[in-house]
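Numbering (the numbering used here), first residue to last: 665 to 1045.
See below:
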């Protein structure tokens, strides 16, 4: 979005070469290509897309012409849980960022993260702004000033309208990157610093929650920190499955993560509720997300080594960026404009968004990510 969104990274996330910089030579990273993690990324993105198309109200109701609860009388109750794909993204992001930061200098880490996030993001902001400005589109574009501000990724703290609804998750990712860079990458990544960072962030986030201080809440993200921290703990497990302290970090993060997920996402049953969300199912999905990344960390999914999973990982980030707002346009055109049945519209919209994601990956990311990385790395030397 990570995932997000790695953050949500658009390519697969193999360990990247040997150690560099100040990391100790004895802590060489495993060199297994984690294609299963790419598949898990896409699955989380599809969960979120299912939620946006059929598991909530709001603008998607305009696209369908009626509530998704009417379009999908049974399925909408399950699609409503798709929002938890974001939590899965954050666990994956913690794993991947810890892995990609190991052995990197701060300048190389910054160049890697910025070049991964920004080209597809800029393209998505421009594309959605242009489409929403078309006279035949029923949705209102943001103001030109807000659209330009969106290019900075700082629109949320500055209170501007968002071009992309999902960009709030990118704001969480950016804050995680900044904390990790300042506390771990800058002094030099090693196991001890990662453990201290995880422990310190966990305690500080709990204190921020207790204090009710808005600045600390923005900085430390108590409701999202457990997922990033749990992912980092799982990367330590990936490096050494016998690391009891790493397993302790994962366990505490899971306990905190399920608490925040239930507190934020549980919905009571009632005539005014779009869909009831069971606390037990929320806990189950959070647990499954941690367990899936743990299976990757332990190598249990290494046999799932299909080349198409690399493609899936590459499409995830651009798909995540464009699927919501442009999905409204496609749903409306297919269902209300052409009379395509609900489930066929749902499937075709996913296919169109995946096709658009491929175009963004092929013609934007593959061209401009290396150029931006090279430019930033060169400037920072």
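Glycine is no exception: its CB is placed at the ideal position from the N, C-alpha and C atoms.
Option in the options with minimal Cα separation from residue i
i: residue 826; options: 838, 836, 840, 811; result: 811
i: residue 792; options: 841, 952, 1020, 901; result: 1020
i: residue 738; options: 939, 806, 756; result: 939
i: residue 999; options: 1041, 853, 727; result: 727
i: residue 921; options: 794, 703, 869, 740; result: 869
Beta-carbon proximity of residue i to residue j, cut-off 8 Å
i: residue 897; j: residue 914; result: yes
i: residue 779; j: residue 1033; result: yes
i: residue 759; j: residue 957; result: yes
i: residue 715; j: residue 733; result: no
i: residue 887; j: residue 841; result: no
i: residue 850; j: residue 783; result: no
i: residue 813; j: residue 824; result: yes
i: residue 749; j: residue 788; result: no
i: residue 1037; j: residue 764; result: no
i: residue 817; j: residue 832; result: no
i: residue 884; j: residue 872; result: yes
i: residue 807; j: residue 895; result: no
For residue i, the three-state DSSP class (helix, strand or coil)
i: residue 1029; result: helix
i: residue 855; result: helix
i: residue 967; result: coil
i: residue 941; result: strand
i: residue 737; result: coil
i: residue 673; result: For residue 673, the pLDDT reaches just 34, beneath the cut-off of 50, and the residue's location in the model is therefore unreliable, leaving the point undetermined.
i: residue 763; result: helix
i: residue 1023; result: helix
i: residue 1038; result: helix
i: residue 1005; result: coil
Bounding residues of the alpha helix (DSSP H) (the contiguous stretch that carries residue i)
i: residue 911; result: 908 to 929
i: residue 707; result: 699 to 718
i: residue 1061; result: Because the chain in this structure spans residues 665 to 1045, residue 1061 falls outside the shown range and cannot be described.
i: residue 723; result: 723 to 728
i: residue 770; result: 770 to 797
i: residue 837; result: 831 to 844
i: residue 1085; result: This structure leaves residue 1085 out entirely; the chain is present only between 665 and 1045.
i: residue 811; result: 808 to 814
i: residue 891; result: 889 to 903
Residue i Cβ short of 7 Å to the ligand FAD heavy atom set
i: residue 1019; result: You won't find the ligand FAD in this model; it holds no ligand whatsoever.
For residue j and residue i, believed in contact at Cβ under 8 Å, the rounded distance
i: residue 701; j: residue 859; result: Between residue 859 and residue 701 the Cβ distance is about 22 Å, and since that is not below 8 Å, they are no contact.
i: residue 992; j: residue 724; result: 6 Å
i: residue 717; j: residue 1004; result: Not a contact, Cβ separation roughly 13 Å.
i: residue 766; j: residue 853; result: 5 Å
i: residue 755; j: residue 891; result: 5 Å
i: residue 699; j: residue 970; result: 7 Å
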